[in-house]
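A.B. asks: Before I ask anything, here is the structure I am working with.
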Amino acid sequence: MTATRAETYSCLRRTALFALGATLALAAVPGALRAQTAPTGPIEITTGTSPGGTPDVLMRRAAKILNEQKIITNPLLVQNRTGGSWMVAANFVLSKKGDKNVVLCIAQPILTTPITQGLPTVYDQLTPISMFIQGDLVLVVQPSSPVKNLKELVALAAQRERGVKVAGAQSGSTDHMVAGLLEKAGNIKLNYVPFDGGGAAQAAFLGGNVELMTLTPSEALPLVESDKARIIAILSDTRRTEPALKDIPTAREQGYDVVWGQSWGLAGPPDLDAGTVAFWDDAIAKLVATPEWQASIKDNFLRSEVVPAAEAKAHLAKLHQEHLAVLRDLGLAKATPVQ
Amino acid sequence: MDALASLAQGFEVALTPTNLLFVFIGVTLGQIIGALPGIGPSAGMALLLPVTFGLEPVTALVMLSGIMYGGMYGGTLTSVLVNVPGEAASVMTAVDGHQLAKQGRAGAALSVSAIGSFLAGIAAVTALVFLTPALSAFALSFSAPEYFLLALLGITATASLGTGSPVKAMIAAMLGLMVALVGTDPIQGTSRLTFGSLELLEGIDFLPVAIGIFGIAEILVSMEQSQHVEPIRTRLREMWLTAKDWKDCRMAILRGGSIGFVIGLMPGAGPTVASLLSYVVEKKASKHPEKFGRGALDGVAAAEAANNSAAHGALVPMLALGIPGSASTAVLLAALVLLGIRPGPQLLTDQSDLVWGLIASMFVGNFMLLIMNLPLAPLFASILRIPYDYLVPGILLISLVGAYATSLSMFNVGLTLLFGMVGYLMIRADIPRAPLVLAVVLAQLMETSLRQSLMLSEGSLSIFVQRPLSALLALLIVASLALPAFTVVMSRRAARRARLASGITD
Amino acid sequence: MKTVDIVTALIVIALSSFVMLGTRHLAYWSEFAPGSAFAPFWVGAAGVVLGLLLLVATLRREAHEPNGFPDRLGFCRVLGVAAGLWLMVVAVPFVGFIAAGTAFCLVLLLLIERRPLVPSLATTAVAVGIVYGVFVAWLGISLPQGLLGI
Chain H
1 MTATRAETYS
11 CLRRTALFAL
21 GATLALAAVP
31 GALRAQTAPT
41 GPIEITTGTS
51 PGGTPDVLMR
61 RAAKILNEQK
71 IITNPLLVQN
81 RTGGSWMVAA
91 NFVLSKKGDK
101 NVVLCIAQPI
111 LTTPITQGLP
121 TVYDQLTPIS
131 MFIQGDLVLV
141 VQPSSPVKNL
151 KELVALAAQR
161 ERGVKVAGAQ
171 SGSTDHMVAG
181 LLEKAGNIKL
191 NYVPFDGGGA
201 AQAAFLGGNV
211 ELMTLTPSEA
221 LPLVESDKAR
231 IIAILSDTRR
241 TEPALKDIPT
251 AREQGYDVVW
261 GQSWGLAGPP
271 DLDAGTVAFW
281 DDAIAKLVAT
291 PEWQASIKDN
301 FLRSEVVPAA
311 EAKAHLAKLH
321 QEHLAVLRDL
331 GLAKATPVQ
Chain A
1 MDALASLAQG
11 FEVALTPTNL
21 LFVFIGVTLG
31 QIIGALPGIG
41 PSAGMALLLP
51 VTFGLEPVTA
61 LVMLSGIMYG
71 GMYGGTLTSV
81 LVNVPGEAAS
91 VMTAVDGHQL
101 AKQGRAGAAL
111 SVSAIGSFLA
121 GIAAVTALVF
131 LTPALSAFAL
141 SFSAPEYFLL
151 ALLGITATAS
161 LGTGSPVKAM
171 IAAMLGLMVA
181 LVGTDPIQGT
191 SRLTFGSLEL
201 LEGIDFLPVA
211 IGIFGIAEIL
221 VSMEQSQHVE
231 PIRTRLREMW
241 LTAKDWKDCR
251 MAILRGGSIG
261 FVIGLMPGAG
271 PTVASLLSYV
281 VEKKASKHPE
291 KFGRGALDGV
301 AAAEAANNSA
311 AHGALVPMLA
321 LGIPGSASTA
331 VLLAALVLLG
341 IRPGPQLLTD
351 QSDLVWGLIA
361 SMFVGNFMLL
371 IMNLPLAPLF
381 ASILRIPYDY
391 LVPGILLISL
401 VGAYATSLSM
411 FNVGLTLLFG
421 MVGYLMIRAD
431 IPRAPLVLAV
441 VLAQLMETSL
451 RQSLMLSEGS
461 LSIFVQRPLS
471 ALLALLIVAS
481 LALPAFTVVM
491 SRRAARRARL
501 ASGITD
Chain Z
1 MKTVDIVTAL
11 IVIALSSFVM
21 LGTRHLAYWS
31 EFAPGSAFAP
41 FWVGAAGVVL
51 GLLLLVATLR
61 REAHEPNGFP
71 DRLGFCRVLG
81 VAAGLWLMVV
91 AVPFVGFIAA
101 GTAFCLVLLL
111 LIERRPLVPS
121 LATTAVAVGI
131 VYGVFVAWLG
141 ISLPQGLLGI
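Protein chains in written order, with the UniProt record's numbering: chain H, 1 to 339; chain A, 1 to 506; chain Z, 1 to 150.
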């Protein structure tokens with residue numbers, strides 16, 4: 001019954017990726033040079049979200065293209081091992097040491113659940129393969145609101161502590177972290193009201209019950225076109241280039257260093273051999289080059305900049321540190337494991 | 001008559017041979033998926049999502065939504081025949097439907113469900129045609145305070161559920177609330193009563209509870225008789241609905257359908273809450289409330305009409321605003337995105353062929369389901385002619401695999417068994433099981449919406465009476481609590497007066 | 001029935017106290033709204049009250065209605081099915097869902113229900129066939145496989 005968006009967030013700093021994106025075309029080359037070994041038999045892509053959640057949909061789309069374009073000939077099965085905020089899925093893959101026939105979809109809860117629940121970290125036990133899908137976030141206010149930009153929002157929030165109401169998904173979700181970053185950058189206190197998922201939060205916003213909300217561009221644009229919301233900032237590093245998004249100023253331009261987004265990728269079980277990693281590295285480089293993949297990325301205002309296997313470990317470690325910092329500021333990070 | 005012209009255009013889309021075929025495929029799949037325990041329509045839709053990738057958007061959409069409302073028809077089957085809810089929204093059907101089956105009236109229960117679902121479905125689609133923009137505004141006027149009061153209304157009704165003592169019914173509800181407390185608290189993110197178990201972090205899933213408490217427990221009880229249980233005898237003429245049945249049920253269908261549709265509109269409740277609440281309301285409205293829990297045909301009719309109209313109602317916020325009103329519409333939205341269509345308030349105007357094609361297809365699909373279910377009801381009911389001993393292994397196996405399929409973990413299978421044992425003990429201790437299940441569904445809605453309300457109002461309780469809708473609901477709750485108390489006081493007073501009067505005459 | 005009700009009441013009181021104690025360390029109130037321990041506290045409190053109500057009502061009741069528990073043989077059958085189910089769940093990781101399910105069906109039909117062999121085999125085949133055909137072949141759900149890969 002949980003709505004789909006809540007569990008699906010992941011995020012990144014675009015800074016690191018910007019340089020890496022340029023290596024996208026080159027990514028296939030080292031992959032092809034290294035010895036590749038293709039696994040035999042069907043391969044499971046494990047996700048921790050229910051069917052229909054964003055990571056699930058993205059992985060099913062990727063699996064479909066990989067199989068149809070014969071990039072990977074092994075049947076790819078996306079399986080939803082829900083529960084424990086992705087920890088059930090993660091533990092399933094962690095238990096499959098060296099198994100060539102299973103990979104884990106990486107999404108934000110893989111990083112955040114261990115932090116908020118005080119569990120051992122997961123990302124550093126896995127064999128990183130690639131992060132290859134990125135999504136940006138925008139801040140929206142009510143169309144009738146006097147607030148036209150981030151500065152005015154901060155000024156409004158500074159008038160009264162917890163006077164500005166923000167709707168978002170569960171405690172510890174991307175929406176919550178964005179609110180936390182905004183509080184820190186603007187030195188304000190917001191009234192963050194968690195809902196049971198993105199859909200319920202959006203309903204609360206459209207019903208006029210809250211002033212502010214975080215959305216993805218593909219969620220926000222239809223609302224803006226029908227005058228139900230106004231975008232005040234995009235949280236990417238630099239402005240997007242698409243015509244629909246190019247006029248949206250970044251938070252950084254407006255003087256607030258709030259850069260946050262979502263990202264998804266794949267990782268193998270612990271001790272996965274280099275040959276299989278190279279096989280995946282190559283497959284993903286080919287996947288993102290297909291017109292079908294490019295089209296679905298463009299339709300949804302996502303980005304597909306590949307962080308190849310060689311850099312994925314450092315990239316994930318960096319993401320982990322960023323999440324840890326934000327969750328600490330929100331008082332949601334648990335230091336020690338609890339029973 | 002703008003809507004009618006659009007609808008005609010929609011029918012042109014829906015009645016092309018390809019689309020007609022895919023509506024048929026969709027509703028048939030929905031019927032099967034709904035009947036399987038564990039796998040509900042939303043999971044079924046998502047699992048079959050890849051099938052739609054090569055199709056035209058409208059064709060894909062009519063098929064997927066066919067699964068959605070087909071599931072509402074299909075869920076009835078397993079609920080009535082073997083007391084295992086095929087999907088979450090058929091829980092209340094399992095309560096009375098299976099009692100009816102035991103009395104040899106499975107056919108009637110299935111027929112009235114099919115007719116109720118059909119009428120409610122058609123009425124809901126008609127409302128969709130003419131009122132979508134207005135209804136979407138109404139749906140948005142519901143927020144945390146209204147959800148809290150709605151859930152409270154449902155919980156206060158639990159004491160009246162069940163056939164025995166109200167204390168026991170309330171104990172069952174408390175047990176349900178305790179089950180719902182387990183897991184990560186969504187507001188503060190702290191874990192409660194999880195005992196360090198990862199599987200419990202997201203709380204206890206509703207389906208293992210329902211499958212265990214109703215299905216497994218029922219089978220355990222049936223195992224007590226060492227004599228081979230005679231198959232339930234069903235004569236063909238008892239299969240059909242009688243004129244009297246229809247007279248008893250038509251108001252139930254009307255009430256259930258209307259309540260279901262309104263609750264379906266709200267993007268925070270769903271078909272399950274809809275069928276629970278309409279069952280509870282029907283019990284209050286019924287001429288024979290004592291039959292509820294012992295095989296009330298009108299209870300089945302109300303619950304089934306409600307879940308189907310709620311499934312359709314959930315399309316209003318989805319089509320008009322791009323907000324999912326239920327788990328199924330969330331998958332439908334995901335499908336739209338995958339097909340390259342951006343959902344949102346513009347959908348109605350930008351993609352009118354798609355939207356009206358979808359709406360028209362639902363008229364067609366509901367007709368197909370009626371035609372499929374009505375003549376087949378006796379056929380399905382005759383499954384019960386198979387000796388029960390031979391049905392037991394199949395029911396147990398399919399229920400447990402269904403429980404596994406909800407999250408692909410053996411943990412949920414174990415949980416289902418555990419609740420099966422709990423359900424068995426509850427039957428033996430004469431504690432009604434329905435309130436427990438009702439409480440599990442409503443508890444989280446009640447707790448989170450209470451906390452959300454107070455956060456929205458910055459701690460002021462006045463939010464529950466200032467908003468017009470919440471004031472109305474608050475009034476309803478007060479009335480539903482005060483009315484029985486008032487009648488008790490009045491009847492006592494009358495009795496005392498009678499005693500006094502007789503004392504004087506003595 | 002009296003004993004059953006007393007035991008029920010005691011279990012409810014114990015569970016309720018456990019819920020209250022188990023969430024004692026959480027926040028009862030936070031900022032504007034109730035905290036994590038608010039609902040458990042009240043649910044637990046209500047449970048204790050209801051348990052006591054049932055206890056008092058039962059103790060004050062004189063009647064000795066018969067309880068609904070089955071005879072010994074019936075009870076053994078219930079226990080047998082329950083034990084079979086749990087054994088199956090435990091066996092799944094080792095032998096796979098399909099094999100464990102098949103074994104469970106046969107045990108249930110032949111040993112507990114004591115049905116003839118041929119119809120039992122046929123029933124098992126149909127039940128396992130439906131599970132495999134629908135869940136594995138059609139919906140693509142991978143059931144746990146045993147060490148032998150079935």
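Every residue gets a Cβ at the ideal spot worked out from N, C-alpha and C, and that includes glycine.
Straight-line CA distance for serine 222 of chain A to alanine 305 of chain A?
C.D. replies: Cα to Cα, the separation comes out at about 30 Å.
A.B. asks: Along chain H, in chain order, which residues have C-beta atoms closer than 8 Å to that of glycine 140 of chain Z?
C.D. replies: Per Cβ cutoff of 8 Å: Leu77.
A.B. asks: If you draw a straight line from the alpha carbon of valine 326 of chain H to that of methionine 1 of chain Z, how long is it in whole angstroms?
C.D. replies: Using only the alpha carbons, I get a separation of about 57 Å.
A.B. asks: Would a check of beta-carbon distances place alanine 63 of chain H closer than 9 Å to chain A?
C.D. replies: At least one chain A Cβ lies under 9 Å of alanine 63 of chain H.
A.B. asks: Is leucine 198 of chain A closer than 9 Å to valine 88 of chain H when the C-beta atoms are compared?
C.D. replies: For valine 88 of chain H and leucine 198 of chain A, yes; Cβs fall inside 9 Å.
A.B. asks: Anyone know if the C-beta pair for leucine 156 of chain H and tyrosine 256 of chain H falls short of 9 Å?
C.D. replies: Not in contact: leucine 156 of chain H and tyrosine 256 of chain H (Cβ atoms no closer than 9 Å).
A.B. asks: Relative to the C-alpha of proline 291 of chain H, which residue among H:Gln69, H:Ala38, H:Ser50 is closest?
C.D. replies: Ranking the options by Cα distance to proline 291 of chain H, first place goes to H:Gln69.
A.B. asks: Report yes if the C-beta distance between residue 556 of chain A and phenylalanine 130 of chain A is below 9 Å; otherwise report no.
C.D. replies: Nothing can be reported for residue 556 of chain A, as the shown portion of chain A is limited to 1 through 506.
A.B. asks: Any C-beta of chain Z sitting closer than 9 Å to the C-beta of isoleucine 263 of chain A?
C.D. replies: With 9 Å as the cut-off, isoleucine 263 of chain A does not count as an interface residue toward chain Z.
A.B. asks: When the distance is taken between beta carbons, is leucine 137 of chain H closer than 9 Å to serine 218 of chain H?
C.D. replies: Result no, Cβ atoms of serine 218 of chain H and leucine 137 of chain H do not sit closer than 9 Å.
A.B. asks: Short check: CB of leucine 111 of chain H to CB of leucine 319 of chain H, under 9 Å?
C.D. replies: Yes.
A.B. asks: Taking a contact to mean a Cβ-Cβ separation below 9 Å, would you say leucine 206 of chain H touches alanine 229 of chain H in this structure?
C.D. replies: Yes. Within cutoff.
A.B. asks: Looking at C-alpha atoms only, which residue of H:Ile43, H:Pro42, H:Ala38, H:Cys105 is the closest neighbour of methionine 59 of chain H?
C.D. replies: The shortest Cα separation from methionine 59 of chain H among H:Ile43, H:Pro42, H:Ala38, H:Cys105 belongs to H:Cys105.
A.B. asks: Taking 9 Å as the CB-CB cut-off, is proline 57 of chain A touching chain H?
C.D. replies: No, proline 57 of chain A lies away from the interface with chain H (no Cβ there is under 9 Å from its Cβ).
A.B. asks: Determine, using beta carbons only, whether alanine 107 of chain H comes closer than 9 Å to chain A.
C.D. replies: For alanine 107 of chain H, the answer is no, since every Cβ of chain A falls outside 9 Å of its Cβ.
A.B. asks: Listed in chain order, which residues of the region 33–50 of chain Z have Cβ atoms closer than 7 Å to some Cβ of chain A?
C.D. replies: The region 33–50 of chain Z vs chain A, Cβ under 7 Å: Ala33, Pro34, Gly35, Ser36, Ala39, Pro40, Val43, Ala46, Gly47, Leu50.
A.B. asks: Could you check the C-alpha separation between leucine 81 of chain A and aspartate 175 of chain H for me, to the nearest Å?
C.D. replies: Spanning the two alpha carbons is a distance of roughly 45 Å.
A.B. asks: Would you list the one or two residues that DSSP bridges to glycine 101 of chain Z?
C.D. replies: Glycine 101 of chain Z is not bridged to any residue.
A.B. asks: Kindly identify the DSSP beta-bridge partner or partners of glycine 183 of chain A.
C.D. replies: Answer is A:Arg192, bridged to glycine 183 of chain A.
A.B. asks: Check for me: the beta strand (DSSP E) holding lysine 165 of chain H runs from which residue to which?
C.D. replies: Where lysine 165 of chain H is concerned, the enclosing beta strand (DSSP E) stretches over 165–168.
A.B. asks: Can you list, in chain order, the residues of its chain with a C-beta nearer than 8 Å to that of leucine 418 of chain A? Leave out the 5 residues immediately preceding and following it.
C.D. replies: Same-chain partners within the cutoff: Gly212.
A.B. asks: For glutamate 62 of chain Z, return the contacting residues in chain A, with the cut-off set at a CB-CB distance below 9 Å.
C.D. replies: In chain order: nothing, as chain A lies at least about 16 Å away.
A.B. asks: Across which residues does DSSP place asparagine 80 of chain H in a beta bridge pair?
C.D. replies: H:Thr47.
A.B. asks: Could you name the residues of the region 337–349 of chain A whose beta carbon sits closer than 8 Å to any beta carbon of chain H, in the order they occur along the chain?
C.D. replies: Listed in sequence order: Val337, Leu338, Gly340, Arg342, Pro343, Gly344, Pro345, Gln346, Leu347.
A.B. asks: For a contact meaning CB atoms closer than 7 Å, what does methionine 455 of chain A contact in chain H?
C.D. replies: The answer, in chain order, is Asn191, Val193.
A.B. asks: To which residues of the same chain is leucine 55 of chain Z closer than 7 Å at the C-beta, ignoring the five residues directly before and after it?
C.D. replies: Closer than 7 Å at the Cβ level, and outside the excluded window around leucine 55 of chain Z, lie Ile6, Ala9.
A.B. asks: Are the CB atoms of asparagine 308 of chain A and tyrosine 147 of chain A nearer to each other than 9 Å?
C.D. replies: Contact flag unset, no.
A.B. asks: What is the residue span of the alpha helix (DSSP H) that isoleucine 259 of chain A lies within?
C.D. replies: Per DSSP, isoleucine 259 of chain A belongs to the alpha helix (DSSP H) from 243–265.
A.B. asks: Per the DSSP calculation, methionine 233 of chain H is bridged to which residue(s)?
C.D. replies: Rather than methionine, the amino acid found at residue 233 of chain H in this sequence is alanine. DSSP output for alanine 233 of chain H lists H:Leu139 as bridge partner(s).
A.B. asks: Identify the residues that DSSP records as bridge partners of asparagine 191 of chain H: which are they?
C.D. replies: DSSP, once it has assigned bridges, lists H:Lys165 as partnering asparagine 191 of chain H.
A.B. asks: Under 9 Å between the Cβ atoms of leucine 384 of chain A and alanine 106 of chain A?
C.D. replies: Closer than 9 Å, so yes.
A.B. asks: When the Cβ atoms of the region 325–342 of chain A are set against those of the region 37–46 of chain A, are three or more pairs found closer than 8 Å?
C.D. replies: Yes, since at least three Cβ pairs between the region 325–342 of chain A and the region 37–46 of chain A fall closer than 8 Å, the two stretches touch.
A.B. asks: Report the three-state DSSP secondary structure of glycine 268 of chain H (helix, strand or coil).
C.D. replies: In the structure shown, glycine 268 of chain H sits in a strand (DSSP, three-state: E or B).
A.B. asks: Who are the Cβ neighbours of alanine 109 of chain A in its own chain at under 7 Å, not counting the five residues just before and after it?
C.D. replies: Closer than 7 Å at the Cβ level, and outside the excluded window around alanine 109 of chain A, lie Val80, Gly97, Leu100, Ala101, Leu297, Val300.
A.B. asks: Given that leucine 55 of chain Z touches chain A, what residues does it touch there, using C-beta distances under 8 Å?
C.D. replies: What leucine 55 of chain Z touches in chain A: nothing, since even the nearest Cβ is about 10 Å away.
A.B. asks: Are the beta-carbon atoms of threonine 46 of chain H and valine 103 of chain H separated by less than 9 Å?
C.D. replies: Their beta carbons are under 9 Å apart, which means threonine 46 of chain H touches valine 103 of chain H by this criterion.
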